[in-house]
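Everything on this sheet refers to the single structure shown next.
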Amino acid sequence: MSGRVCLYSGEMLGRYGFPDGHPLGEDRQAAFLREANARGLDKDVSIVVAPRADRAEIERFHTRSYVDRVLHAEGDGTEFLDNGDTPVFPGVYDAAASVVGAGLDGLSRVMTGECRRTFQPIGGLHHARRDGAAGFCVFNDLGVVIETLRMEHGVRRVAYVDIDVHHGDGVFYAYEDDPELIFADIHEDGRFLYPGTGHAHESGRGTAKGTKLNIPLAPGAGDQAFSEAWTRVVAHLRAFRPQFFVFQCGADGLDGDPLAHLRYSPQVHAQAARSLCHLADEYAAGRLMAFGGGGYNRDNLARAWCGVLRELVSV
Ligand SMILES: [Zn+2]
Numbered sequence: 319m320s321g322r323v324c325l326y327s328g329e330m331l332g333r334y335g336f337p338d339g340h341p342l343g344e345d346r347q348a349a350f351l352r353e354a355n356a357r358g359l360d361k362d363v364s365i366v367v368a369p370r371a372d373r374a375e376i377e378r379f380h381t382r383s384y385v386d387r388v389l390h391a392e393g394d395g396t397e398f399l400d401n402g403d404t405p406v407f408p409g410v411y412d413a414a415a416s417v418v419g420a421g422l423d424g425l426s427r428v429m430t431g432e433c434r435r436t437f438q439p440i441g442g443l444h445h446a447r448r449d450g451a452a453g454f455c456v457f458n459d460l461g462v463v464i465e466t467l468r469m470e471h472g473v474r475r476v477a478y479v480d481i482d483v484h485h486g487d488g489v490f491y492a493y494e495d496d497p498e499l500i501f502a503d504i505h506e507d508g509r510f511l512y513p514g515t516g517h518a519h520e521s522g523r524g525t526a527k528g529t530k531l532n533i534p535l536a537p538g539a540g541d542q543a544f545s546e547a548w549t550r551v552v553a554h555l556r557a558f559r560p561q562f563f564v565f566q567c568g569a570d571g572l573d574g575d576p577l578a579h580l581r582y583s584p585q586v587h588a589q590a591a592r593s594l595c596h597l598a599d600e601y602a603a604g605r606l607m608a609f610g611g612g613g614y615n616r617d618n619l620a621r622a623w624c625g626v627l628r629e630l631v632s633v
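Letter 239 of the sequence shown, counting from 1, is numbered 557 in our numbering, and no numbers are missing.
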């Protein structure tokens, strides 16, 4: 698979979903794969099934006590891992550890050159904090990947780019004072949408001031507003010459998402992916991992993510 794009999918990843009509249901992976196969994209990628992460790997980002809480949640009869958004479901620990495992396997293959880039449709759980779940996110696979880049690969200067409609608060606040985590996030204004953060003035703390770019958009904003914001994202990334690119491409900013109020077309996701592939080629020896993130209208997530995957394959 040398130089191929690796797509992470499989039964265990498909189980990361909540029951009883929860917006993040178990059917999202299948909805994406149906569209990817219909477009013939499956022929252009290597499909990889990864082992789940072990707890030492998960604890690169998360606290030991939180990992324990998830591990014992079913046995303890815990109903929610947070204040009500993220319910415990059968197999929750294994499913969440599988999402992290896919991220780590992808990272390892990108670093050895076995994969050129990866797409992790069931991944990008950007709300989870080091010590807790939040917003449908149990373990923060993105945070574990970032920690592993530093600890195992000596890669310090990492770009984290997030176009999910929600602010990537779990990543932002974990690295708010880290000057080598180059952060750029376009999202619906927190005055109107969960999690309520990501204000333009939040640009990093201390020596990290200026390394974080938050761009809130007003409800109803569409492709034109995104394009203008994206120009700022590219300038921000170029200023810091990142050594690795992490891309969270949540599809919940598309017109018709049931949880949010932006009005992107799927072109937004393709445009961002294409642009990041070029930047990764220029600064990071091509090293880029893309994560699906949110997206609750199944047709929308299928179209947006297939657009991303097409760019990852062809740029
Ligand atoms: Zn989201």
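C-beta: ideal position from N, C-alpha, C; glycine also.
Chain-order list of residues whose beta-carbon lies under 6 Å from that of residue i (same chain, five-residue window excluded)
| i | result |
| --- | --- |
| Phe407 | Phe336 and Pro337 |
| Pro369 | Gly419 |
| Arg373 | Val385 |
| Glu520 | Asn532 |
Residues that residue i bridges to, as DSSP identifies them
| i | result |
| --- | --- |
| Asn532 | Asp503 |
| Met607 | Thr436 and Val564 |
| Gly409 | None; Gly409 has no bridge partner. |
| Phe398 | Pro405 |
| Ser364 | Cys324 |
| Leu572 | Tyr582 |
| Ala356 | Beta-bridge pairing links Ala356 to no other residue. |
| Val476 | Leu499 and Phe562 |
| Cys455 | Ala452 |
| Arg447 | Gly450 |
Pick from the options that is closest to residue i, judged by C-alpha positions
| i | options | result |
| --- | --- | --- |
| Gln561 | Asp360, Ala598 and Arg621 | Ala598 |
| Val473 | Ala451, Ala452, Ile500 and Val456 | Ile500 |
| Gln347 | Ser327, Ile365, Gly431 and Val366 | Ser327 |
| Gly486 | Leu511, Glu397, Arg592 and Ala354 | Leu511 |
| Ala446 | Met429, Pro537 and Val417 | Val417 |
| Ser593 | Asp570, Val462 and Ser632 | Ser632 |
| Arg509 | Val483, Leu325 and Arg352 | Val483 |
| Asp496 | Tyr478, His517, Ile481 and Gly522 | Gly522 |
| Tyr411 | Gly395, Arg387 and Arg550 | Arg387 |
| Tyr601 | Gly393, Ile481, Val552 and Gly343 | Val552 |
| Ala518 | His340, Phe558, Ala547 and Gly409 | Ala547 |
| Glu629 | Tyr334, Glu344, Asp362 and Gly343 | Asp362 |
| Gly611 | Val564, Ala371 and Thr515 | Val564 |
| Lys527 | Pro513, His596 and Phe558 | Phe558 |
| Ala413 | Thr515, Val456, Ile481 and Gly516 | Val456 |
| Gln589 | Thr515, Ile481, Leu460 and Gly524 | Ile481 |
Same chain, Cβ closer than 8 Å to residue i, five either side skipped, listed in chain order
| i | result |
| --- | --- |
| Asp400 | Gly450, Ala451, Ala452 and Gly453 |
| Gly358 | none |
| Leu389 | Arg373 and Tyr411 |
| Gly339 | none |
| Asp345 | Gly335 and Arg616 |
beta-carbon residue i near ligand 2 non-hydrogen atom, thresh 7 Å
| i | result |
| --- | --- |
| Val564 | Among the ligands modelled here, namely ligand 1, ligand 2 does not occur. |
Residues of its chain near residue i, where Cβ-Cβ distance is below 7 Å and the 5 sequence neighbours each way are ignored
| i | result |
| --- | --- |
| Met319 | Because Met319 sits at a pLDDT of 40, beneath the cut-off of 50, its placement in the model cannot be relied upon, and the following sentence gives the value as read from the coordinates. Cβ neighbours of Met319 beyond the five flanking positions: Ser364, Glu432 and Cys433. |
| Glu397 | Pro405 and Val406 |
| Glu377 | Val385 |
| Leu331 | Gln347, Ser416, Val417, Ala420 and Ile440 |
| Leu351 | Ser327 |
| Ala354 | Asp360, Cys624 and Leu627 |
N- and C-terminal bounds of the alpha helix (DSSP H) containing residue i
| i | result |
| --- | --- |
| Ser521 | Per DSSP, Ser521 belongs to no alpha helix (DSSP H) and is neither H nor E. |
| Val631 | Arg616 to Ser632 |
| Asp459 | Asp459 to His471 |
| Ala374 | Arg373 to Ile376 |
| Leu389 | Arg382 to Leu389 |
| Leu331 | Glu329 to Gly332 |
| Ala492 | Asp487 to Ala492 |
is_contact[residue i, chain C] using C-beta, thresh 8 Å
| i | result |
| --- | --- |
| Glu494 | As a matter of chain content, chain C is missing from the structure shown, which is built from one protein chain. |
Query - Cβ pair count under 8 Å reaching 3, the stretch 488-506 against the stretch 571-585 - result: yes
Report task. Check whether the stretch 394-408 touches the stretch 485-496, counting contact only when three or more Cβ pairs, one atom from each stretch, lie closer than 8 Å. Result -> Verdict: no, contact absent.
Query raised in the report: Hey, is the stretch 583-592 in contact with the stretch 519-534, meaning 3+ C-beta pairs nearer than 8 Å?
Result: no
Query raised in the report: Do the stretch 602-613 and the stretch 433-443 meet, that is, are 3 or more Cβ pairs less than 8 Å apart?
Result: yes
Query - Three CB pairs or more closer than 8 Å across the stretch 462-471 and the stretch 411-428 - result: yes
Query - Segment contact, 8 Å Cβ cut-off, at least three pairs: the stretch 614-630 with the stretch 537-556 - result: Fewer than three pairs of CB atoms, one per stretch, sit closer than 8 Å, so the stretch 614-630 makes no contact with the stretch 537-556.
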